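Chemist: This structure is in structure tokens; I'll ask about it shortly.
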Amino acid sequence: MAPIGDLLIVLLVILLFLFLLGAAGLYLLVKVGKKAAKKARKVSTRVATNMAAMGTGDAAETERMRLDLRREVSLTRQAVDGALGDGWGLGDLPQLVAEISAHAEQLDAQLARYAQERRVSAYVDHTALGRLREHHAKLTTSCARIRADLRNDQMAHTAGNIDEIQNRTNLEIEARRRAPDPLDEIDELYNRTMINRSQPDELR
């Protein structure tokens, strides 16, 4: 009777293990599926925005502003992250870029709503479009100025390093040159003197 009970316990443990393994697999499958669906939505939204930006009119212009704003913010983030990775002291600049990103997301949502309204309505709100253009210009200009400042700092740092390398190269080359032998110089002067003495006076 005891071996049968042990066998049942082993079977129950195996079934429990298989159940837990299946539950974990199902959880991972659902999680991966959600991530894939989210990424697919982002890709489809990006493709739709690019397609809409190829048209004409206010709606297409608004979509182009959205793409331009995203590109500028992305480039600025990359520049700041690169500078931080190189150990640059940026002060409050990373926080400023984070605030610009937050405002850019709000403006992107406003541009998306305006573009949608523009596609379904024949009435044009020129005042709103003008303000959206102004906000877009301010944010993109701020991004461009931040990148230009970081680039100037990087170029100045690089120029200093290059000048240092050039100076060290010149010093190393001078140090490797063979110093002139005084005896050779004396022999050269003696030979010149003998040549001058052997020449007639009218040829000197």
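Residue numbers (the numbering used here): 59 to 262.
Even glycine gets a Cβ: it sits at the ideal position worked out from N, Cα and C.
Quick caveat, the model's predicted, so the values are computed rather than measured.
Below 8 Å on the Cβ atoms is my contact criterion, and I expect L197 with L165 to pass it. Report the Cβ-Cβ distance as a whole number of Å.
Modeler: Between L165 and L197 the Cβ distance is about 6 Å, and since that is below 8 Å, they are a contact.
Chemist: Can you tell me whether D183 is helix, strand or coil according to DSSP?
Modeler: The answer is coil: DSSP assigns D183 none of H, G, I, E or B.
Chemist: When DSSP labels each residue in this structure, what does R122 get in the three-state scheme?
Modeler: In this structure, R122 counts as helix in the three-state DSSP scheme.
Chemist: In whole angstroms, what is the alpha-carbon distance linking Q212 and E230?
Modeler: Each residue's alpha carbon lies about 27 Å from the other.
Chemist: Rounding to the nearest angstrom, what Cα-Cα distance links A137 and E175 in this structure?
Modeler: Between A137 and E175, the C-alpha separation is close to 35 Å.
Chemist: When we look at the beta-carbon of H194 and count the other beta-carbons within 10 Å, is it buried (16 or more) or exposed?
Modeler: H194 comes out buried.
Chemist: For T185 and I204, I'd like the C-alpha separation in whole angstroms.
Modeler: Their backbone Cα atoms lie some 29 Å apart in a straight line.
Chemist: Could you tell me the alpha carbon to alpha carbon distance between M59 and L66, rounded to whole angstroms?
Modeler: Model confidence at M59 stands at a pLDDT of 47, short of 50, so the residue's coordinates are unreliable and nothing is read from them.
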